[in-house]
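What follows is one structure encoded as structure tokens, with my remarks underneath.
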Amino acid sequence: SKSKDFLLAVEGLTVSFDGFKAVDDLSFYLDPNEIRVIIGPNGAGKTTVLDLICGKTRATSGSIRFQGRELTKMKEHQIVHSGVGRKFQTPSVFEDLTVFENLEVSYPQGHSVMGALAFKRDLAVVEEIEAVARTIFLEDMLEQPASLLSHGQKQWLEIGMLLIQKPKLIMLDEPVAGMSVVERKKTAELLKVITHEHTVLVIEHDMQFVGDIADRVTVMHQGKVLSEGSIEHVKSDPKVIEVYLGH
Ligand code: ADP
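Here it is as structure tokens:
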């Protein structure tokens, strides 16, 4: 199989909703430690692809192989345990907990929110939390309640809550939505740093940001791959130009 050396191999993936193929015989392959961005017009099937990978939606046919394991038959929590993390567009942090506590409750082997408050902190865990806080630019905010963070800082905290679980694959849906220009630049830096240990799959509309982060871009249209390659390649592909200008 072609899927041998890939971190993630999506092959012939299809899902129908009442006969409508939202994802239609889709194949793409992620190398370890790359940043791949999926772009495409509204309704192209981008969100559905992430839903299929994380098990939120069941495929009608096709396969999703991740580190050699088939995900399409697995339950959502098994997919999380096998090393796939996903962040949705809207930040969902625990507003009343500090930045530190938000990271602590996300630590694997999950301490409950109440338990975390009384949890006797293990030095190794504290060091990991501090390292993640540095990565997400929040090392000086560890004792602040999350409610005091800006929208962008909450997005970073949510990325941190994924990082602390050490997933191999991190999927992000429009991570810079609502961010300032400076926050977008810092997010691009953050994503590049985390590719030392993670592979990143992003849905994004902001083409400036796509150009800043993408190793490769997969363009989706009507549930299929329309074009794939470097940002320069897909931007100059006549098929892509036609779809974007035609809308
Ligand atoms: P994108 O993220 O590229 O905007 P989506 O993946 O959200 O596209 O949607 C692709 C298509 O599938 C859309 O036409 C959408 O209405 C449809 N769709 C997505 N999820 C469902 C569902 N659960 N039931 C029915 N139709 C759906």
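Numbering-wise (the UniProt record's numbering), the sequence shown opens with residue 6 and increments by one. For each residue, glycine too, the CB sits at the ideal point set by N, CA and C.
For residue i, report the span of its alpha helix (DSSP H) as first-last.
i: Ala219; result: That residue, Ala219, is in no alpha helix (DSSP H); it is neither H nor E in DSSP.
i: Lys12; result: The question names Lys, but residue 12 is Leu in the sequence shown. Element bounds for Leu12: n/a, residue is neither H nor E.
i: Glu247; result: 243-250
So for residue i, helix, strand or coil by DSSP?
i: Met176; result: strand
i: Ile169; result: coil
i: Glu133; result: helix
i: Arg189; result: helix
i: Ser6; result: Low confidence applies to Ser6: its pLDDT is 47, below 50, so where it sits in the model is not reliable, and the reading given next is rough at best. Reduced to three states, the DSSP call for Ser6 is coil.
i: Thr140; result: helix
i: Ala182; result: coil
i: Gly24; result: coil
i: Glu237; result: helix
i: Leu147; result: coil
i: Gly157; result: helix
i: Thr19; result: strand
Given the structure, does residue i come close to the ligand ADP, in the sense that its CB is under 8 Å from one of the ligand's heavy atoms?
i: Val239; result: no
i: Met212; result: no
i: Met176; result: no
i: Gly234; result: no
i: Asp220; result: no
Beta strand (DSSP E) containing residue i: first to last residue?
i: Leu206; result: 204-208
Are there three or more Cβ pairs, one per stretch, closer than 8 Å when the stretch 83-93 is compared with the stretch 164-182?
Yes, the stretch 83-93 is in contact with the stretch 164-182.
Count Cβ pairs between the stretch 55-71 and the stretch 17-28 that sit closer than 8 Å; are there 3 or more?
Touching, yes, given that three or more Cβ pairs across the two stretches are closer than 8 Å.
Report the start-end ranges of each alpha helix (DSSP H) in the stretch 44-121 that is 4 residues or longer and not cut off at the edges.
Fully enclosed alpha helix (DSSP H) runs of 4 or longer: 51-58, 81-86, 104-111.
Collect the residues with a C-beta less than 5 Å away from any heavy atom of the ligand FMN and give them in sequence order along the chain.
Although the ligand FMN was asked about, the structure shown includes only the ligand ADP as ligands.
Touch check for the stretch 69-83 and the stretch 237-252: three-plus C-beta pairs under 8 Å?
Counting C-beta pairs with one atom in each stretch, the stretch 69-83 and the stretch 237-252 have fewer than three that are closer than 8 Å, which means they do not touch.
With three or more beta-carbon pairs closer than 8 Å as the criterion, would you say the stretch 23-32 touches the stretch 199-219?
By the Cβ criterion, the stretch 23-32 is not in contact with the stretch 199-219, since fewer than three pairs of Cβ atoms, one from each stretch, lie closer than 8 Å.
Between the stretch 191-200 and the stretch 94-111, are three or more C-beta pairs nearer than 8 Å?
The stretch 191-200 makes no contact with the stretch 94-111, as fewer than three CB pairs between them are under 8 Å.
Check whether the stretch 223-234 and the stretch 23-43 are in contact - that is, three or more C-beta pairs closer than 8 Å.
At 8 Å Cβ cutoff, the stretches touch.
Three or more beta-carbon pairs under 8 Å between the stretch 149-164 and the stretch 174-188, yes or no?
Contact annotation: the stretch 149-164 touches the stretch 174-188, with at least three C-beta pairs closer than 8 Å.
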